[in-house]
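Protein sequences, first through last, are from chains A and B.
As numbered in the numbering used here, residues -15 to 327 make up the first sequence, in order.
As numbered in the numbering used here, residues -15 to 327 make up the second sequence, in order.
For each residue, glycine too, the CB sits at the ideal point set by N, CA and C.
2 protein chains.
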Amino acid sequence: MKKKATITDIARALNITPSAVSKALNGHPRISKKTRDAVEAMAAKLNYRPNHLASGLRKGQSGLLGMLVPATEIKAYAAAINGAEAEAEAAGYNVIIAQSRDEYQKELKVFESMNRTQVEGLIVCMASTTTRFEHFDKWEKEGPPLVLFDRIFERGKRHMSVLDDYLASYVATEHLIEQGCTRLAHLSGPLHIPTYENRMRAFKDRLKRYGFEEKAEWMPTSALTIEDGRAFMEGCFERGEIPDGIFASSDYAAFGAMRVLQEKGLKVPEEVAMVGFGNEQFGAFIQPGLSTIDPESEAMGRLAARLLIQQIRMKSSEIPSYRRRILKPKLIVRESSRRNVHT
Amino acid sequence: MKKKATITDIARALNITPSAVSKALNGHPRISKKTRDAVEAMAAKLNYRPNHLASGLRKGQSGLLGMLVPATEIKAYAAAINGAEAEAEAAGYNVIIAQSRDEYQKELKVFESMNRTQVEGLIVCMASTTTRFEHFDKWEKEGPPLVLFDRIFERGKRHMSVLDDYLASYVATEHLIEQGCTRLAHLSGPLHIPTYENRMRAFKDRLKRYGFEEKAEWMPTSALTIEDGRAFMEGCFERGEIPDGIFASSDYAAFGAMRVLQEKGLKVPEEVAMVGFGNEQFGAFIQPGLSTIDPESEAMGRLAARLLIQQIRMKSSEIPSYRRRILKPKLIVRESSRRNVHT
DNA sequence: TGTTTTTGTTCAAACGTTTGAACACTTTTG
DNA sequence: CAAAAGTGTTCAAACGTTTGAACAAAAACA
């Protein structure tokens, strides 16, 4: 591991000043083609690599974006990371990933650490347990730009990239109704997160529109794990009331419920139709294949990054009035909800 | 977005020099408790955050580790990232993730970009298409420490963290044999990667040990996608020769093969037993549940990071003779290979 | 009391780069 | 031909922090 070549080394070798080298390398208009070529040749020869720390310090930018997600192994977030990374790379940024594991405390720590690391912007999907928002306010006052994605909160106007959750739920519910379902259930996440609140609202609106019954026991909120899905379904059997269509706000919960149905000998989709949310990988592998909403996460990550970079570039040019990017969800119909095959 | 407080601001407010502040903050022994307390109080009051770029520049370290994986959505790599990140965080490092998408060209570009970003070390799982290693040699000559994980190559001695692939394959094959299989197939990846070569070797060794036949058509190499698994199985049906036990080096390939078997009406595991590799999420969801090898990826990532950080800390203290960490695989038996339920 | 040791702080340089101002020279313009 | 404009380079300061050397004052020793 030798010491790296610096701009000064190049300058010395060419008998010019470091600043000339810097300008040549950065395409300053006043540098002659001759020296520019010479510098480039020498840079290649010495295997020069610019020192990001130094230039970052001087220019007051780190070239780093932070991204906070609940967990990287969840497909939607992995995809969002990919999207954001692609966008960031194109703009010359690197992305630092951190996970909150859906814990508020961990989220706070990540904010701290990101601040220290001098990221130039932060992309955040808040933890499901986050109900206080002081750290966002504080960040907004002192920190670089911040963009929310996926899960958001409405207090204050912020830049964000989200799915049209109302529409997603609308589409999923309509789909179930089209398949002939009339006794509908919706498994929801915590309603303080607008994401889930919007989905619930659309669900209820559809029921009302068609005059279907709205049963509280069929609209439980939970963390939407497999176990939560199982528990819901078992509860239904205990009470002896089984819905004929279920829209779960997570593929995991849908899967849990579906397995219980199968264990009890009910047929999916004939007796109960199911739609999940998230387009998790396993949904295509299980039987019956799980219908689901694809949240277009990659696009979401991409847009979040784009929004963030725009904001960074704007510098301090006035309060850049918040923007949101709203994505259209995509319904993926598989066997778990396809009834009228012959129409 | 106000200007951040610097060490100099603290100094001015306290009427001391910046260097005193720096020393106080870093616990220099010669600083009095009184000023240390005052500095800390003022730092908190001004909401001071150290500038990593500046200290990094001065100390010649960026506090950044690079990690290159084929793809983040593959469970094994997501887990490895988690492991590495946890270890890195404990040591005060941040991790920059990059993906090669299993493309050699992309891998080269990532090496470039990591070098530029001044990472202090690099953790790499090479792309499956990488067959030239000059960039590794070059990095080793000029760059900071590098640790390989998962996929490795044997040229030259390097620090690495890997699974004991021979043992993994040994265990999987023995398991199939225990279940009564005698006509065994193994779906392998490209054999120039030692990972797959080792698994193949163990597989063949087992066959030899038990005197089972070794059929070339039953040991194909491929990219191990679902389609590859399907293609293999369909080939078997065309030739009219069906193995009674299959060990695939990927859960995806195993799944593809299994679906064809089910479509043709063969029972898994009764007629054909199956073991996959990777412990992908879907394996626990499909029916029958897919037996698999858990590669202990999180531990692998953790160890890789630990190895790397050790090496960084060692500085230039002599050629630190390479080390490897070899992990024991874990066989997860699910229904796809469990035959003698009554023993 | 004078000398040595210890303690707490300041000084100054350095890390590698960028950038506006300054300068010298050449070319264009009136 | 003098003034103005343009070109190519150097100068010097700056970004925020760290760190060994230097220094002054206080404490310990003789």
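Could you give the DSSP three-state label for A:Ala257: helix, strand or coil? In the first sequence, the residue the question calls residue 257 of chain A occupies position 273. Strand, per DSSP.
Contact check, B:Ser206 vs B:Ser275, beta carbons under 8 Å: The residue given as residue 206 of chain B occupies position 222 in the second sequence. The residue given as residue 275 of chain B occupies position 291 in the second sequence. No, they are not a contact pair.
Would you mind listing the beta strand (DSSP E) stretches within the stretch 102 to 126 of chain B that are 3+ residues and don't spill past its ends, in chain order? 105 to 108
Collapsed DSSP secondary structure at B:Ile296 in the structure displayed: What you label residue 296 of chain B is simply residue 312 of the second sequence in a count that begins at 1. Reduced to three states, the DSSP call for B:Ile296 is helix.
Which stretch, first to last residue, makes up the alpha helix (DSSP H) that contains B:His159? Here residue 159 of chain B corresponds to residue number 175 of the second sequence, with the count starting at 1. Start and end: 149 to 162.
Chain A residues whose Cβ lies nearer than 7 Å to that of B:Lys59: Taking the second sequence and counting its residues from 1, one reaches residue 59 of chain B at position 75. Near B:Lys59 (Cβ distances below 7 Å), the residues of chain A are Glu57.
Between the Cα of B:Gly76 and those of B:Ile310, B:Arg309, B:Ile293, spot the shortest distance and give me the residue it belongs to. One-based indexing of the second sequence puts residue 76 of chain B at position 92. Checked all of B:Ile310, B:Arg309, B:Ile293; the closest Cα to B:Gly76 is B:Ile293.
Is it true that the CB of A:Asn31 sits closer than 8 Å to the CB of A:Ala(-5)? Working through the first sequence from its first residue, we reach residue -5 of chain A at position 11. Working through the first sequence from its first residue, we reach residue 31 of chain A at position 47. No, the pair does not count as a contact, with Cβ atoms beyond the cut-off.
Where do the N-terminal and C-terminal ends of the beta strand (DSSP E) with A:Thr276 fall, by residue? The count along the first sequence starts at 1 and reaches residue 276 of chain A at position 292. Taken as a continuous stretch (DSSP letters only), the beta strand (DSSP E) holding A:Thr276 covers 275 to 278.
CA-CA distance, B:Met217 and A:Val103? Within the second sequence, residue 217 of chain B is the residue found at index 233, counting from 1. Within the first sequence, residue 103 of chain A is the residue found at index 119, counting from 1. The straight-line gap from Cα to Cα measures roughly 50 Å.
Give the DSSP-derived three-state secondary structure of B:Met203 in the structure shown. Sequence index remark: in the second sequence, residue 203 of chain B carries index 219 (1-based). Three-state result, B:Met203: coil.
Answer yes or no: does any C-beta atom of chain B fall closer than 8 Å to that of A:Asn66? Taking the first sequence and counting its residues from 1, the one referred to as residue 66 of chain A is at position 82. Closer than 8 Å: yes.
Name the DSSP beta bridge partners of B:Val53, please? For the purposes of this step, residue 53 of chain B is taken as the residue at position 69 of the second sequence. B:Val53 pairs with B:Gln83.
Could you work out which residues of chain B lie near A:Pro34, taking near to mean beta carbons separated by less than 7 Å? For the purposes of this step, residue 34 of chain A is identified with residue 50 of the first sequence, where counting begins at 1. Result: Arg100.
May I have a chain-ordered list of the beta strand (DSSP E) segments no shorter than 3 residues that lie completely inside the stretch 214 to 262 of chain A? 229 to 232, 257 to 261
Is it buried or exposed for B:Asn35, if we count other Cβ within 10 angstroms and need 16 for buried? The sequence position of residue 35 of chain B within the second sequence is 51, counting from 1. Counting Cβ neighbours within 10 Å, B:Asn35 comes out buried, since at least 16 surround it.
DSSP three-state label for B:Ala169, please. Here residue 169 of chain B refers to the residue found at position 185 when the second sequence is read from its first residue. Strand, per DSSP.
CB B:Leu132 to CB B:Met144, shorter than 8 Å? If you number the second sequence from 1, residue 132 of chain B lands on position 148. If you number the second sequence from 1, residue 144 of chain B lands on position 160. Result yes, Cβ atoms of B:Leu132 and B:Met144 sit closer than 8 Å.
Which residue comes first and which comes last in the alpha helix (DSSP H) that contains A:Ile(-9)? Indexing the first sequence from 1 puts residue -9 of chain A at position 7. Looking at the DSSP string, the run of the alpha helix (DSSP H) that includes A:Ile(-9) is -9 to -2.
What are the boundary residues of the beta strand (DSSP E) that includes B:Phe269? On the second sequence, residue 269 of chain B is found 285 positions in, with the first residue counted as 1. Here B:Phe269 belongs to no beta strand (DSSP E), and DSSP marks it neither H nor E.
What do you get for B:Asp21, buried or exposed, if any count of 16 or more other CB atoms within 10 angstroms of its CB means buried? By 1-based counting over the second sequence, the position of residue 21 of chain B is 37. Looking at its Cβ environment, which holds fewer than 16 other Cβ atoms inside 10 Å, B:Asp21 is exposed.
If you draw a straight line from the alpha carbon of B:Gln89 to that of A:Arg190, how long is it in whole angstroms? As a working mapping, residue 89 of chain B is identified with position 105 in the second sequence. As a working mapping, residue 190 of chain A is identified with position 206 in the first sequence. Straight-line Cα distance between these residues: approximately 51 Å.
Answer with yes or no whether the minimum CB distance from B:Leu41 to chain A is below 8 Å. For the purposes of this step, residue 41 of chain B is identified with residue 57 of the second sequence, where counting begins at 1. Yes, B:Leu41 counts as interfacial toward chain A.
Chain-ordered neighbours of A:Gln271 on chain B, where CB pairs are closer than 8 Å: As a working mapping, residue 271 of chain A is identified with position 287 in the first sequence. Within chain B, the residues near A:Gln271 are Ile270, Gln271.
Please list, in chain order, the chain B residues whose beta carbon lies closer than 8 Å to that of A:Ala62. In the first sequence, the residue the question calls residue 62 of chain A occupies position 78. Simply Thr56, Glu57, Ala62.
Any idea if B:Ser153 is buried or exposed, counting beta-carbon neighbours within 10 angstroms, 16 or more meaning buried? Taking the second sequence and counting its residues from 1, one reaches residue 153 of chain B at position 169. Answer is buried; the Cβ neighbour count reaches 16.
Contacts that A:Gln89 makes with chain B (C-beta to C-beta distance below 8 Å): For the purposes of this step, residue 89 of chain A is identified with residue 105 of the first sequence, where counting begins at 1. Within chain B, no residue comes near A:Gln89; the closest Cβ sits about 14 Å away, beyond 8 Å.
Pick from B:Phe117, B:Ile107, B:Gly11, B:Glu91: whose alpha carbon is nearest that of B:Ile80? Numbered from 1 along the second sequence, position 96 holds the residue referred to as residue 80 of chain B. Among B:Phe117, B:Ile107, B:Gly11, B:Glu91, the Cα nearest to that of B:Ile80 is on B:Ile107.
Members of the stretch 241 to 267 of chain B near chain A, C-beta cut-off 7 Å: Gln265, Phe266
Just verifying my parser: in three-state terms, what is the DSSP assignment at B:Arg33? One-based indexing of the second sequence puts residue 33 of chain B at position 49. Three-state DSSP puts B:Arg33 in coil, outside helix and strand.
If distances are taken between C-alpha atoms only, which option among B:Ala25, B:Ser84, B:Leu48, B:Tyr306 comes closest to B:Phe54? What you label residue 54 of chain B is simply residue 70 of the second sequence in a count that begins at 1. The sequence shown places Pro at residue 54 of chain B, rather than the Phe named in the question. Minimum Cα distance to B:Pro54 is reached at B:Ser84.
Along chain A, in chain order, which residues have C-beta atoms closer than 7 Å to that of B:Phe239? Within the second sequence, numbered from 1, the residue matching residue 239 of chain B stands at position 255. In chain order: Phe269.
Give me the Cβ distance between B:His170 and B:Phe231, rounded to the nearest whole Å; I'm assuming they're in contact under 8 Å. Position 186 of the second sequence, counted from the start, is the residue given in the question as residue 170 of chain B. Position 247 of the second sequence, counted from the start, is the residue given in the question as residue 231 of chain B. Sure, about 5 Å apart at Cβ, within 8 Å.
Run through DSSP, which three-state label would B:Asn182 get? For the purposes of this step, residue 182 of chain B is taken as residue 198 along the second sequence, with counting starting at 1. Looking at B:Asn182 - three-state DSSP - the assignment turns out to be helix.
Would DSSP call B:Ser329 helix, strand or coil? Absent from the structure is residue 329 of chain B, since the part of chain B shown begins at -15 and ends at 327.
Using only the alpha-carbon positions, how far apart do B:Ala257 and B:Ala238 sit? For the purposes of this step, residue 257 of chain B is taken as the residue at position 273 of the second sequence. For the purposes of this step, residue 238 of chain B is taken as the residue at position 254 of the second sequence. Between B:Ala257 and B:Ala238, the C-alpha separation is close to 10 Å.
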